[in-house]
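Asks: Under the numbering used here, think of the first position of the sequence shown as 9, with each following residue one higher. Note that beta-carbon positions come from the ideal geometry of N, C-alpha and C, so glycine has one too. Predicted model only: the values in this text are computed from it and were never measured. Dumping the structure here so I can ask a few things about it.
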Amino acid sequence: MDPSLSLLSTDEQNTPHVPLKVLSVVLTRLDCARMEEPTADDEDSLDDAECSEYLISLQEKSEEKLPQFLKTHSGCCGEKPCLQCDMRFLRPHQCVECGIKFSQASDLKTHQRTHTGEKPHQCVECGIKFSQASDLKTHQRTHTGEKPHQCVECGIKFSQASDLKTHQRTHTGEKPHQCVECGIKFSQASDLKTHQRTHTGEKPHQCVECGMRFSHASNFKTHRRRHTGEKPYRCVECGTHFSRPSILKTHQRTHTGERPYGCERCGMSFSQASALKGHQRTHTGEKPHTCAECGVSFSLPTNLRRHQRMHTGEKPYRCVQCGASFSQSSHLKSHQRMHTGEKPYRCLLCGMSFTQAATLTTHQRTHAEQKPYRCEQCGMPFSRVANLKTHQKRHAGEKPYICRICSKCFTTSREHNRHQAVHSEHKS
Numbered sequence: 009m010d011p012s013l014s015l016l017s018t019d020e021q022n023t024p025h026v027p028l029k030v031l032s033v034v035l036t037r038l039d040c041a042r043m044e045e046p047t048a049d050d051e052d053s054l055d056d057a058e059c060s061e062y063l064i065s066l067q068e069k070s071e072e073k074l075p076q077f078l079k080t081h082s083g084c085c086g087e088k089p090c091l092q093c094d095m096r097f098l099r100p101h102q103c104v105e106c107g108i109k110f111s112q113a114s115d116l117k118t119h120q121r122t123h124t125g126e127k128p129h130q131c132v133e134c135g136i137k138f139s140q141a142s143d144l145k146t147h148q149r150t151h152t153g154e155k156p157h158q159c160v161e162c163g164i165k166f167s168q169a170s171d172l173k174t175h176q177r178t179h180t181g182e183k184p185h186q187c188v189e190c191g192i193k194f195s196q197a198s199d200l201k202t203h204q205r206t207h208t209g210e211k212p213h214q215c216v217e218c219g220m221r222f223s224h225a226s227n228f229k230t231h232r233r234r235h236t237g238e239k240p241y242r243c244v245e246c247g248t249h250f251s252r253p254s255i256l257k258t259h260q261r262t263h264t265g266e267r268p269y270g271c272e273r274c275g276m277s278f279s280q281a282s283a284l285k286g287h288q289r290t291h292t293g294e295k296p297h298t299c300a301e302c303g304v305s306f307s308l309p310t311n312l313r314r315h316q317r318m319h320t321g322e323k324p325y326r327c328v329q330c331g332a333s334f335s336q337s338s339h340l341k342s343h344q345r346m347h348t349g350e351k352p353y354r355c356l357l358c359g360m361s362f363t364q365a366a367t368l369t370t371h372q373r374t375h376a377e378q379k380p381y382r383c384e385q386c387g388m389p390f391s392r393v394a395n396l397k398t399h400q401k402r403h404a405g406e407k408p409y410i411c412r413i414c415s416k417c418f419t420t421s422r423e424h425n426r427h428q429a430v431h432s433e434h435k436s
């Protein structure tokens, strides 16, 4: 008697509905897979026995499925290993284009569409075509809103199983995609691919308007809005539109008063991380942004750009009322108050109002007799920095105002104007 029959009970061997021919195939398959009786120390043999038991179970449940199983699960002559045992799967269907093999003809047929470009499955809603029916089914969920894949941790639903798998890594912390250059790990392959461009310097996304290149598609998309003027993100409070969601989020803090970024040294809070970073330089004295024209350094890049306009003469802020142009937006805003008559800065002591905060600050010193600006040479205090600068010219002997009639020089414009009045009196 065949030793493989010992795997079957007496009742199983005598089961009338099992065809002898099929049973013989199963027993021959078992004998090929087992090769010898398993022992307690032989885990591979035990795994083979487990898979052999599955063969018998499959044959008992459905005789129709057995031939297909035997075809793919073809033992020592196969090509692809089984995850349950040492047996291997046969992959008889090979692509003539690239040599990849498949266990089923249908899988080969689907694969060949990657070479031919054939996309027989079309969406009736939008007309997009797909090479696989499964891809079409997934796409159709964008129209139906169906999200069958739900995260058991937080309940968020997804239309694709792959998106759920990627999302679950936010809970598990799994980052299977590692950069071979620096070792940084990522949860998504796309994030790794984008990161690798920092090493290669690759910038595949180029703007057709100005030629600028970007490594991230998202940065490229945001940049294009500078040319198109598109601002898709709208504040629900005031209706202002923005080109980026991050700018909208920062703007919304002007309504909520939220200031999440606090200075550890002095406790001041800011609505923007960049504002906090710039503020911290007042403690450290760091001024990393230097003007290439004159060498003056600034703590913030915005201050450097504002300063550079002194060299270029650029005045991008224009008044729509009178056409006057300004190098700073704050100067334009102050100027516009001349047209509107608005004076938002009010002195709490006397009630006087001013168009500029700086003018109010100077005025308040008349009440407090505050003179914070002191001459380093003689110690004389002043309430305004302009008065201090005029005073310092006297020490330096500087007289920039020259009379056109007698060539006499003066330190201040007031002295110069008073002198010219003398010439006017003589003429009269």
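#1: Pull up the distance between the alpha-carbon of serine 361 and that of alanine 283, whole angstroms please.
#2: For phenylalanine 390, collect the residues of the same chain with a Cβ closer than 6 Å to its Cβ; drop the 5 residues on either side in sequence, then sort them by chain order.
#3: Measure the beta-carbon distance from serine 338 to lysine 323 and round it to whole angstroms, keeping in mind my assumption that it falls under 8 Å.
#4: Does the Cβ-Cβ distance between threonine 374 and threonine 398 come in under 8 Å?
#5: From the DSSP output, which residues share a beta bridge with glycine 125?
#6: Around the C-beta of glycine 286, are 16 or more other C-beta atoms found within 10 angstroms, so that it is buried, or is it exposed?
#7: Does the separation of the CB atoms of threonine 248 and histidine 259 fall below 8 Å?
#8: Would DSSP call isoleucine 410 helix, strand or coil?
#9: Any idea what DSSP makes of glutamine 400, helix, strand or coil?
#10: State the DSSP-derived secondary structure class of alanine 365, mapped to helix, strand or coil.
#11: Please state whether the Cβ-Cβ distance between leucine 144 and cysteine 131 is less than 8 Å.
#12: What's the C-alpha gap between alanine 404 and cysteine 417?
#13: Which runs of the alpha helix (DSSP H), 4 residues or longer, sit entirely within the segment 126 to 186?
#14: Tell me the rounded alpha-carbon separation between leucine 312 and cysteine 299.
#15: Let's see if you can read the secondary structure: which residues bound the alpha helix (DSSP H) around leucine 356?
#16: To the nearest angstrom, how far is the alpha carbon of threonine 369 from that of leucine 356?
#17: Applying the 10 Å Cβ sphere with the 16-neighbour rule, what's the burial state of threonine 180?
#18: So for arginine 221, helix, strand or coil by DSSP?
#19: Assign threonine 348 to buried or exposed, taking buried as 16 or more other Cβ atoms, counted over all protein chains shown, within 10 Å of its Cβ.
#20: Over the uninterrupted alpha helix (DSSP H) stretch that includes threonine 262, give me the two end residues.
#21: Let me confirm a value: threonine 290 is counted as buried when at least 16 other C-beta atoms fall within 10 Å, else exposed. Which label applies?
#22: Take serine 307 as the anchor and find which of Tyr409, Gln288 and Glu217 has the nearest alpha-carbon.
#23: Suppose you measure from the CA of serine 251 to the CA of tyrosine 241; what does that come to, to the nearest Å?
#24: In this structure, how does DSSP classify valine 328 when only helix, strand and coil are distinguished?
Replies: Answer, in terms of the structure:
#1: Locating residue 361 in the sequence shown gives position 353, counting from the first residue. Locating residue 283 in the sequence shown gives position 275, counting from the first residue. Answer to the nearest angstrom: the Cα atoms are 29 Å apart.
#2: On the sequence shown, position 382 is the one that residue 390 refers to. Result list for phenylalanine 390: Lys379, Tyr381 and Leu396, in chain order.
#3: Within the sequence shown, the letter at position 330 stands for residue 338. Within the sequence shown, the letter at position 315 stands for residue 323. About 13 Å; that fails the 8 Å criterion.
#4: Residue numbering aside, residue 374 sits at position 366 when the sequence shown is read from its first letter. Residue numbering aside, residue 398 sits at position 390 when the sequence shown is read from its first letter. Not closer than 8 Å, so no.
#5: By one-based count along the sequence shown, residue 125 stands at place 117. Answer is none; glycine 125 lacks a bridge partner.
#6: Here the question's residue 286 lines up with position 278 in the sequence shown. With 16 or more other Cβ atoms within 10 Å, it is buried.
#7: In the sequence shown, residue 248 corresponds to position 240, counting from 1. In the sequence shown, residue 259 corresponds to position 251, counting from 1. Cβ atoms of threonine 248 and histidine 259: closer than 8 Å.
#8: On the sequence shown, position 402 is the one that residue 410 refers to. Of the three classes helix, strand and coil, the one that applies to isoleucine 410 here is strand, per DSSP.
#9: The sequence position of residue 400 within the sequence shown is 392, counting from 1. In the structure shown, glutamine 400 sits in a helix (DSSP, three-state: H, G or I).
#10: Counted from its first residue, the sequence shown places residue 365 at position 357. Alanine 365 falls in the helix class under three-state DSSP.
#11: As a first step, residue 144 must be located in the sequence shown, where it is residue number 136. As a first step, residue 131 must be located in the sequence shown, where it is residue number 123. Against a cut-off of 8 Å, the Cβ pair of cysteine 131 and leucine 144 comes out as a contact.
#12: Mapped onto the sequence shown, residue 404 falls at position 396. Mapped onto the sequence shown, residue 417 falls at position 409. The alpha-carbon atoms of alanine 404 and cysteine 417 are separated by roughly 14 Å.
#13: 141 to 152 and 169 to 180
#14: Stepping through the sequence shown from its first residue, residue 312 is reached at position 304. Stepping through the sequence shown from its first residue, residue 299 is reached at position 291. Distance between the alpha carbons of leucine 312 and cysteine 299 is about 7 Å.
#15: Walking along the sequence shown from the start, residue 356 turns up at place 348. Run containing leucine 356: none; DSSP gives neither H nor E here.
#16: By 1-based counting over the sequence shown, the position of residue 369 is 361. By 1-based counting over the sequence shown, the position of residue 356 is 348. Computed Cα separation, rounded: 11 Å.
#17: Looking up residue 180 in the sequence shown gives position 172. Its Cβ having fewer than 16 others within 10 Å, threonine 180 is exposed.
#18: Counting from 1 along the sequence shown, the entry for residue 221 is found at position 213. DSSP places arginine 221 in strand when its eight states are reduced to three.
#19: Start at 1 with the first residue of the sequence shown, and residue 348 comes out as number 340. The residue in question, threonine 348, is exposed, as its Cβ has fewer than 16 Cβ neighbours within 10 Å.
#20: Taking the sequence shown and counting its residues from 1, the one referred to as residue 262 is at position 254. Threonine 262 -> alpha helix (DSSP H) spans 253 to 264.
#21: Translated into the one-based positions of the sequence shown, residue 290 becomes position 282. It is exposed - the Cβ of threonine 290 has fewer than 16 other Cβ atoms within 10 Å.
#22: Sequence index remark: in the sequence shown, residue 307 carries index 299 (1-based). Among Tyr409, Gln288 and Glu217, the Cα nearest to that of serine 307 is on Gln288.
#23: As a working note, residue 251 is residue 243 in the sequence shown. As a working note, residue 241 is residue 233 in the sequence shown. For serine 251 and tyrosine 241, the distance between alpha carbons rounds to 6 Å.
#24: Here the question's residue 328 lines up with position 320 in the sequence shown. Valine 328 falls in the coil class under three-state DSSP.
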